[in-house]
Amino acid sequence: MALDKATVARIATLARIRVGEDELEPLAAELSGILDWVEQLMAVDTDSVPPMTSVAEMTLPMRDDVVSDGNDRDAAIGNAPRSARGFYAVPKVVE
Amino acid sequence: VSELVDLTIAEARDGLKARKFSARELAAAHNEAVERIKPLNAFITATPDLALEMAAASDARLAKGKALPLDGIPLAIKDLFCTKGVLTTAASHILDGFTPPYESTVTEKLGKAGAVMLGKTNLDEFAMGSSTTTSYYGPSENPWRRPGDNRPLVPGGSSGGSAAAVAAHAALGAIGTDTGGSIRQPASFCGIVGMKPTYGRCSRWGVVAFASSLDHPGPMTRTVRDAAIMLGAIAGHDPRDSTSAPVPVPDYEAALTGDIRGLRIGIPKEYRIDGMAGEIESLWQSGIAWLRDAGAEPVEISLPTTKYALPAYYVIAPAEASSNLARYDGVKFGLRVDGDSLDDMYEKTRAAGFGAEVRRRVLIGTYVLSAGYYDAYYLKAQRVRTLIGRDFAAAFERCDGILTPTAPSAAFAIGEKADDPVAMYLNDVFTVPADLAGLPAISVPAGLSDGLPLGLQIIGRAFDEETVLRVGQVLESAAGFTHLPSFIA
Chain A
279 MALDKATVAR IATLARIRVG EDELEPLAAE LSGILDWVEQ LMAVDTDSVP
329 PMTSVAEMTL PMRDDVVSDG NDRDAAIGNA PRSARGFYAV PKVVE
Chain B
19 VSELVDLTIA EARDGLKARK FSARELAAAH NEAVERIKPL NAFITATPDL
69 ALEMAAASDA RLAKGKALPL DGIPLAIKDL FCTKGVLTTA ASHILDGFTP
119 PYESTVTEKL GKAGAVMLGK TNLDEFAMGS STTTSYYGPS ENPWRRPGDN
169 RPLVPGGSSG GSAAAVAAHA ALGAIGTDTG GSIRQPASFC GIVGMKPTYG
219 RCSRWGVVAF ASSLDHPGPM TRTVRDAAIM LGAIAGHDPR DSTSAPVPVP
269 DYEAALTGDI RGLRIGIPKE YRIDGMAGEI ESLWQSGIAW LRDAGAEPVE
319 ISLPTTKYAL PAYYVIAPAE ASSNLARYDG VKFGLRVDGD SLDDMYEKTR
369 AAGFGAEVRR RVLIGTYVLS AGYYDAYYLK AQRVRTLIGR DFAAAFERCD
419 GILTPTAPSA AFAIGEKADD PVAMYLNDVF TVPADLAGLP AISVPAGLSD
469 GLPLGLQIIG RAFDEETVLR VGQVLESAAG FTHLPSFIA
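As given, the protein sequences belong to chains A and B, one line each in that order. Sequential numbering from 279 applies to the first sequence in the working numbering. Sequential numbering from 19 applies to the second sequence in the working numbering.
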């Protein structure tokens, strides 16, 4: 499966990673190489095989919906590159 | 007392209890060793003061005769585990300056068992790699060199710093994580023991997530007994990890009886791959003979889906990674590169913060999860994963453990395979299947090839770490691997 430049640009946007115009071509070749190699999976007959959804074969446990840990605003925002008045600060969003 | 760094965990535990030396002396000797192995770049952050402080607390307990299971044992921690108040980087630029306000379950359990933390070890960025060369903090070096060849070799990866530190006698043991082979392959490359327990056996809470259905914390040590001791301290149910298994933890050390008579050991014919070094095939044959001599019965088994495990892994792991790494956006922690808008800030931050391999995997993962490709790639890979699980289930009807080589080669030079991602991925060909199936597996040093260590792997049934450890120890005794790397702290 060969990816073209436009497809790489589209997935880079979906992944929110800025990729320079000059990097698109080499990246397309690299990613296509990996996908070509992955294509061998298509040779496996999986028609009646369900996808694995849980490696541990267990059902997710339930817990009470209460605060059990955390609830410490200052610790939570303590690592933020920018915060203001107890909130994370980001560039202005106007839509 | 330089010989303090040459002890095993079991020996150090006995020495501490007998008051032959103090935990502070043991910690100080290791702090110096960590300093001396700086050329290997095995540690991202050393914590010598914390080590001495923890050792002093151990000494106080030891003096009262109230020793905890790992009291005073100096260990290195892969820098993928959140440690309260200690820089945690995942070897990525994007986590610049991140100091967790909480402690991972595994390191918390080690602390409660009395262990002493020496520092945080280097790894491939976000644990994505098999060489510890993709770290933002530079590559780690293997303490081993090929005789007559001065080129620095990779320690394997992604837990390469942990493996190098243990092999070079700068830590009595270390914690790693294994997603595709990241404990066992570096253990093989550095001539030490590495164990990945069953998925769900050790909590993932507080481990920087790479691929959540595949990430397994586990011990890296110089002996199988030491691995059993460490595993006993870190295993157990944790309600904070919803995939943590609510099953009791047996006494792993007690499982090391040396008696494997009557056990059936499966030899999977599909693990003979083209281009595998002759030494690896002959070491594998030696392993079969050793186990037979000890009274086990080798049986040929078939794991027919084996050749598809690696391509399935390289769909599933990047898919999960692309989702897990969405949290690195310049808002809550780590690096931020300013932008004109929120999206511009996200895109610039992630472009600057992720290295080439991480970017590659996030893009692949985004692609295989995107509309129109999800069924063809992601669901297909998860179906193949079901088949791999079934292969093992069928095999374990006929055997109690499986013996394979750990890796298809010995350590390679830093820079080798760097320009071909797929060649690098092939390192994990023998380790990935046990990750996909969530089964316990150990790598034990078994011999040398061209002067470099090679490991053999034992894979067991889910939650049967005891058999894996028992067979591993018999293999260890028979191999009698006593070689040391050229560089020792």
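Ideal Cβ placement from N, Cα and C applies to all residues, glycine included.
Residue i and residue j: beta carbons closer than 8 Å?
i, j, result
"B/D142", "B/G194", "no"
"B/P316", "A/L319", "no"
"B/K350", "A/Y366", "yes"
"B/P161", "B/C208", "yes"
"B/A452", "B/A459", "yes"
"B/D311", "B/T123", "no"
"B/A60", "B/A183", "yes"
"B/S230", "B/S200", "no"
"B/L353", "B/A370", "yes"
"B/I283", "B/L321", "no"
"B/M363", "B/V355", "yes"
"B/G280", "B/G313", "yes"
"B/S260", "A/P339", "yes"
"B/Q491", "B/G276", "yes"
"B/D437", "B/S148", "no"
"B/R258", "B/W302", "no"
"B/L30", "B/N49", "The question names Leu, but residue 30 of chain B is Ala in the sequence shown. Not a contact, by the Cβ cut-off of 8 Å."
"B/T101", "B/E121", "yes"
Pull up the distance between the alpha-carbon of residue i and that of residue j, whole angstroms please.
i, j, result
"A/G298", "B/T367", "14 Å"
"B/S388", "B/D32", "56 Å"
"B/A251", "B/P237", "10 Å"
"B/R488", "A/V286", "49 Å"
"B/T63", "B/F116", "12 Å"
"B/A145", "B/F228", "7 Å"
"A/I289", "B/S495", "52 Å"
"B/R403", "B/R243", "32 Å"
"A/V371", "A/I295", "19 Å"
"B/V19", "B/A189", "Caution applies to B/V19, whose pLDDT of 45 falls short of 50 and renders its modelled position unreliable; the model cannot decide the point."
"B/L421", "B/I306", "8 Å"
"A/L272", "A/K283", "Nothing can be reported for residue 272 of chain A, as the shown portion of chain A is limited to 279 through 373."
"B/L502", "B/H187", "10 Å"
"B/R164", "B/G137", "28 Å"
"B/P119", "A/A353", "6 Å"
"B/G456", "B/R401", "15 Å"
"A/D343", "A/N349", "14 Å"
For residue i, does the three-state DSSP call read helix, strand or coil?
i, result
"B/L15", "Any property of residue 15 of chain B remains undetermined from this structure, which presents chain B solely from 19 to 507."
"B/S461", "strand"
"B/M213", "strand"
"B/T422", "strand"
"A/P369", "coil"
"B/I298", "helix"
"B/H234", "strand"
"B/P157", "coil"
"A/D325", "coil"
"B/R290", "coil"
"A/R296", "coil"
"B/T195", "strand"
"B/V492", "helix"
"B/F207", "helix"
"B/A389", "coil"
"A/M330", "coil"
"B/I406", "helix"
"B/P92", "strand"
"B/G284", "strand"
"B/P66", "helix"
Please name the residue in the options whose C-alpha comes closest to that of residue i.
i, options, result
"B/I27", "B/V489, B/R290, B/A480, B/T239", "B/T239"
"B/F99", "B/G166, B/A429, B/T107", "B/T107"
"B/Y154", "B/V23, B/K56, B/N140", "B/N140"
"B/V486", "B/A36, B/A246, B/G156", "B/A246"
"B/S300", "B/D114, B/A394, B/G473", "B/G473"
"B/A185", "B/P204, B/R279, B/E338, B/T324", "B/P204"
"B/A497", "B/D482, B/Y217, B/G465, B/Y443", "B/G465"
"B/M213", "B/G383, B/T65, B/F499, B/G198", "B/G198"
"B/I476", "B/G419, B/T323, B/K84, B/A30", "B/G419"
"B/I55", "B/E415, B/L381, B/V23", "B/V23"
"B/I506", "B/K127, B/E29, B/A181, B/F430", "B/A181"
"B/L105", "A/A362, A/N357, A/G364", "A/N357"
"B/P463", "B/Y385, B/A273, B/I298", "B/I298"
Any heavy atom of the ligand GTP closer than 7 Å to the Cβ of residue i?
i, result
"B/E375", "No copy of the ligand GTP appears in this structure; indeed no ligand is present at all."
For this session: Evaluate the contact criterion for the stretch 87-97 of chain B versus the stretch 324-338 of chain A: three or more CB pairs, one atom per stretch, below 8 Å.
Result: no
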